[in-house]
Structures are given as C-alpha cells and as structure tokens.
Amino acid sequence: MEVMRASRELLVTVVEVLLHDPLSSWTLSPERAAALQAEGDAPTRRPSPDLPHNQGDNRLARRMLLRLEQKLQGLEEGAPLSVAGQVNLLIQQARDPHNLSRLFPGWQPYV
Numbered sequence: 542m543e544v545m546r547a548s549r550e551l552l553v554t555v556v557e558v559l560l561h562d563p564l565s566s567w568t569l570s571p572e573r574a575a576a577l578q579a580e581g582d583a584p585t586r587r588p589s590p591d592l593p594h595n596q597g598d599n600r601l602a603r604r605m606l607l608r609l610e611q612k613l614q615g616l617e618e619g620a621p622l623s624v625a626g627q628v629n630l631l632i633q634q635a636r637d638p639h640n641l642s643r644l645f646p647g648w649q650p651y652v
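For the sequence shown, the numbering used here gives the first residue as 542, with consecutive numbering after it.
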C-alpha cells in the first residue's frame with residue numbers, strides 16, 4: 542500500500558489512459574444489450590471507434606478516477622487512514638460475507 546501511495550501519479554495516469562481508451566466504447570453495456578435484444582437487433586454490431594464517447598461514460602470515468610485518487614490518498618468516507626488502517630479495512634471488506642456473496646452467486650457460507 543505504501544508503494545501504491547508513493548506511485549499515485551503514475552497509477553492515476555495509467556488508469557486515466559485506460560478509462561479514456563476509444564476501444565472501450567466498442568463493448569455494449571448490459572442495458573444497451575438488453576435494449577437491442579428487445580428491439581430484435583443483433584447485439585454483435587459494434588459502433589465505430591471514431592464515434593464520440595457517451596457523456597454518461599465520461600461522468601462515470603471521472604467518478605471512478607476520483608474514487609481511485611481518494612483510495613490512493615487513504616481517504617475512506619472522507620476520513621484519512623494510515624497505511625495499516627487502510628490495509629485492515631481492505632481485509633475486513635474482503636472477508637465480509639455480503640461482499641463475498643455478491644462476488645460469487647453460488648457462494649454458500651454454510652457448506
């Protein structure tokens with residue numbers, strides 16, 4: 542975590558490039574795929590890469606980038622955390638049964 546915090550600028554730059562990659566607009570969102578299926582269109586068609594990005598995608602990308610910057614600064618819900626505190630929080634979140642059940646739909650803690 543210390544290394545990630547020290548390399549914050551580099552990580553944010555790489556993620557920013559990935560978020561604004563024009564190839565990412567080639568994939569269909571689940572909502573768009575459902576709409577195309579309802580219309581009877583084949584969802585295999587993909588938009589041209591030179592089409593402008595959807596404004597909603599840009600807002601989502603900015604929100605994701607802001608959240609990444611907050612995490613790299615150690616901010617959780619507005620409260621600054623030490624490296625040890627942030628690592629402990631991540632471990633607690635990783636062990637949370639609610640998060641585990643969302644990760645794998647067939648997860649059965651009682652087995």
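The C-beta atom is built at its ideal place from N, Cα and C for all residues, glycine as well.
As the structure is a computational prediction, the values presented were derived from the model and not from experiment.
Comparing alpha-carbon positions, which option in the options lies nearest residue i?
{"i": "residue 543", "options": "572, 625, 629", "result": "625"}
{"i": "residue 547", "options": "605, 612, 602, 636", "result": "612"}
Under the criterion of a Cβ to heavy atom distance below 7 Å, does residue i qualify as lining the ligand ZN?
{"i": "residue 618", "result": "Of the ligands one can find in the structure shown there are none, so the ligand ZN has no counterpart to examine."}
List the endpoints of the continuous alpha helix (DSSP H) containing residue i.
{"i": "residue 545", "result": "543-547"}
{"i": "residue 639", "result": "638-644"}
{"i": "residue 578", "result": "571-580"}
What number of angstroms, rounded off, separates the C-alpha of residue i from the C-alpha of residue j?
{"i": "residue 631", "j": "residue 574", "result": "33 Å"}
{"i": "residue 620", "j": "residue 614", "result": "10 Å"}
{"i": "residue 555", "j": "residue 606", "result": "11 Å"}
Does the Cβ of residue i have 16 or more other Cβ atoms within 10 Å, making it buried, or fewer, making it exposed?
{"i": "residue 627", "result": "buried"}
Practice item. Entirely within the stretch 604-632 and at least 3 residues each: give me those beta strand (DSSP E) ranges in chain order. Key: none
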